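Chains as they are written, first to last, in my numbering: chain A, 2 to 224; chain B, 2 to 224. What follows is a set of notes on a single structure, which appears directly below.
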DNA sequence: TGCATTTTCAAACATTTGTTTGAAACTGTT
DNA sequence: AACAGTTTCAAACAAATGTTTGAAAATGCA
């Protein structure tokens with residue numbers, strides 16, 4: 002029995018490993034990250050990973066779980082008021098969580114990477130963490146679009162909104178190279194929120210208008 | 002001198018390795034892909050990689066280059082006519098290239114992965130392949146927005162458009178898990194193009210209106 | 001055919017990797 | 001102080017990986 006039964010004995014090195022591993026996993030991916038790299042950077046012994054966690058894979062799952070629950074925590078964002086306000090709150094909360102300088106910066110990147118290079122842990126991540134977010138957004142979009150919209154239309158709109166936000170996570174290495182100078186505005190969450198919100202509201206209104214006109218012509222054809 | 006000086010001697014296994022490696026690299030990433038895996042799946046000898054290419058890294062660069070030039074080839078899309086039409090053509094060409102079932106399916110994913118897990122090859126990829134695309138889109142957005150827009154505004158709009166398209170590449174593993182059933186519409190390029198176009202046009206008009214109203218209030222304040 | 005060049009092949013090599021081990025150091029409790 | 005439980009540590013191990021090697025096979029050309 003290697004682990005103590007008391008609630009919190011001395012989880013010093015354990016947390017150290019989690020934090021360090023998360024940072025490196027997010028930067029280099031699972032396979033490219035070596036246990037020696039983690040332990041060296043954390044200043045702990047090589048065997049510590051296998052002692053506190055069963056193996057490297059288990060450590061990775063724990064790190065991902067940590068990022069999940071941190072993500073879920075910030076996703077409350079009381080949703081009251083008109084749907085426009087809800088959308089603004091959603092976008093702000095989403096971007097804020099992705100780029101929150103308070104929370105460890107690697108968590109957003111790690112989840113982004115997990116999507117590009119799916120591991121067995123992705124299934125749980127989707128079910129526990131992403132699905133509720135998707136549901137919240139779907140509800141908002143439905144309220145904004147009105148009853149005439151199809152499921153596929155709503156889905157595409159939700160994807161358009163998420164895609165705009167995630168771009169800054171997925172492609173940050175590319176944008177860094179595209180604009181070698183400064184480009185600090187990518188982390189100006191207020192400005193980003195404002196842009197994505199207005200762009201999306203504009204897009205939604207356009208599509209709502211499209212739906213209405215289509216319904217009208219259909220009615221006209223029927224009559 | 003291992004390599005022949007004649008233009009195209011017998012590049013049978015060489016091309017076989019390139020194709021197989023591209024597929025596996027796109028699926029598993031650079032580090033997670035082993036030379037043995039490539040050669041086994043390609044049905045060639047283990048040493049073939051080091052013979053035809055210097056080493057694994059060189060093979061990876063060649064594979065990336067192949068994906069680049071295939072990407073660049075499809076990016077001509079004569080841009081004439083009103084800017085709306087140009088935008089439609091751009092979006093269609095972009096999505097079409099990302100999901101072209103004709104071209105090897107791994108090329109889009111490979112470039113997407115390269116952004117999430119940047120390797121030394123990313124710098125060349127950005128300069129040679131991505132920058133021209135970004136310039137074309139910027140020009141279109143500028144024409145659509147009019148003179149009053151700032152550089153930052155144009156950039157964010159371009160990112161919004163690219164983000165919408167790239168979402169389906171970056172997050173396809175997630176969407177697959179979010180919607181276990183069918184969801185074949187994600188590869189219906191015509192429908193996708195139509196959606197992204199209308200959503201973006203709506204977003205752009207909204208922001209253009211925002212710019213105009215801001216300019217008006219500013220003028221009012223000045224006078 | 002004869003010969004040089006190019007390509008393939010099996011085997012081995014040097015490193016790196018994740019993991020294990022057993023002893024030492026540390027901690028809290030009696 | 002004595003002891004059991006917990007944690008750290010250096011060393012080593014087994015497996016996997018990228019690469020090299022030298023000989024054999026294939027190929028192209030006179």
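Ideal Cβ placement from N, Cα and C applies to all residues, glycine included. Predicted model only: the values in this text are computed from it and were never measured.
Apart from sequence neighbours up to five positions away, no residue of its chain approaches residue 56 (chain B) with a beta-carbon distance below 6 Å. Taking a Cβ-Cβ threshold of 7 Å, the residues of chain A close to residue 201 (chain B) are 204, in chain order. When C-alpha distances from residue 157 (chain B) are compared across A:154, A:157, A:169, the shortest belongs to A:169. Three or more beta-carbon pairs separated by less than 8 Å are not found between the region 79–97 of chain B and the region 143–150 of chain A, which leaves the two stretches without contact. Within the region 190–223 of chain B, the complete alpha helix (DSSP H) segments of 4 residues or longer fall at 190–223, listed in chain order.
Listed in chain order, the alpha helix (DSSP H) runs fully inside the region 92–118 of chain B are 107–117, counting runs of at least 4 residues. When only Cα atoms are considered, residue 59 (chain B) and residue 50 (chain B) end up about 9 Å apart. Straight-line spacing of the CA atoms in residue 201 (chain B) and residue 19 (chain A) works out to 41 Å. Linking residue 83 (chain B) to residue 127 (chain A) through their CA atoms gives a straight-line distance of about 42 Å. Residues of chain B whose Cβ lies closer than 7 Å to the Cβ of residue 119 (chain A) are, in chain order, 174.
Of B:66, B:96, B:140, the smallest CA-CA separation from residue 85 (chain B) is found for B:140. When the alpha-carbon of residue 29 (chain A) is set against those of A:123, A:174, A:100, the nearest one is in A:174. Residues of the region 21–51 of chain A with a C-beta atom less than 7 Å from some C-beta of chain B are 30, 32, 33, listed in chain order. In the structure shown, residue 55 (chain A) falls within a coil segment according to DSSP collapsed to helix, strand and coil. Boundaries of the alpha helix (DSSP H) harbouring residue 29 (chain B): 13–29, taken from the DSSP string. Annotation: the continuous alpha helix (DSSP H) that includes residue 133 (chain A) extends over 132–146. At least one C-beta of chain B is nearer than 8 Å to the C-beta of residue 127 (chain A). Contact check for residue 32 (chain B) and residue 33 (chain A): beta-carbon distance about 4 Å, within the 8 Å limit, so the pair qualifies. B:189 is the residue among B:189, B:211, B:205 whose C-alpha sits nearest the C-alpha of residue 100 (chain B). For the pair residue 122 (chain B) and residue 171 (chain B), the CB atoms are not nearer than the 8 Å cut-off.
Per DSSP, the continuous alpha helix (DSSP H) segment holding residue 36 (chain A) begins and ends at 36–43. In the three-state reduction of the DSSP assignment, residue 150 (chain A) falls in the coil class. Using a Cβ-Cβ cut-off of 8 Å, residue 86 (chain A) does not count as an interface residue toward chain B, since no Cβ of chain B sits closer than that to its own. Annotation: residue 105 (chain A) to residue 115 (chain A) spans about 17 Å, alpha carbon to alpha carbon. Assignment of residue 168 (chain A) by DSSP, reduced to helix, strand and coil, places it in the helix class. By the neighbour-count criterion, in which a residue is buried when 16 or more other Cβ atoms sit within 10 angstroms of its Cβ, residue 13 (chain B) is exposed. Burial is judged here by how many other beta carbons sit within 10 angstroms of a residue's own beta carbon; residue 130 (chain A) has at least 16 and is buried. Classified as exposed, residue 215 (chain A) has fewer than 16 neighbouring CB atoms from the shown chains inside 10 Å of its CB. CA-to-CA, the gap between residue 153 (chain A) and residue 98 (chain B) works out to about 22 Å. The alpha-carbon separation between residue 81 (chain A) and residue 87 (chain A) amounts to approximately 7 Å.
Residue 194 (chain B) sits close to residue 96 (chain B), with the two beta carbons spaced by under 8 Å.
In chain B, no part has a C-beta under 9 Å from the C-beta of residue 217 (chain A); the shortest such distance is about 17 Å. Within chain B, the C-beta atoms nearer than 8 Å to that of residue 124 (chain A) come from 178, in chain order.
DSSP, read as helix, strand or coil, puts residue 161 (chain A) in helix. Residue 25 (chain A) and residue 53 (chain B) have their C-alpha atoms some 33 Å from each other.
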